[in-house]
Amino acid sequence: IHLKMLKREGGTWQPFMADMTVDVCKFFKNRQSYFIPNMIYSILSPFTSVNHTCPYLAGSRIRLWNWTPNEMSKLPLSQGEYAIHSAWSTNNVVVMTINGSVLFNT
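Going by the numbering used here, the sequence shown opens with residue 9, and the numbers climb by one from there.
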């Protein structure tokens, strides 16, 4: 997964906190060695079906159950507009992108 976090400042999107590529298989073998992805996963894990090491088989689904934006309050963020851009690849071919933004008010 290539993960890029951005924050809107002065009317433009600026890099924020992370611009990294994470091997999901290595991440699930040793989550503690990936601080930012582990922080995000720790917040989302109670709401998702992604919870095991590789392999992830074709047809696997990633689901978020009962997740609400209130979960964002667990992140160490100041007030502002944030975005996450992600590209999910297998065998060096992007198979999915997930991008989104949120207005965070403390």
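Beta carbons: idealized from backbone N, C-alpha and C, even for Gly.
In this text, all values refer to a predicted model and were calculated from it rather than measured experimentally.
Excluding residues up to 5 positions away in sequence, A95, W96 lie with their Cβ nearer than 8 angstroms to the Cβ of V102 in the same chain. When the Cα atoms are used, Y49 and G18 turn out to be separated by approximately 30 angstroms. By the neighbour-count definition (other C-beta atoms within 10 Å, threshold 16), L111 is an exposed residue.
Distance from I92 to M13 at the Cβ level is roughly 6 angstroms; contact confirmed, criterion being Cβ atoms closer than 8 angstroms. Pairing L85 with P45 gives a Cβ-Cβ distance that is not under 8 angstroms.
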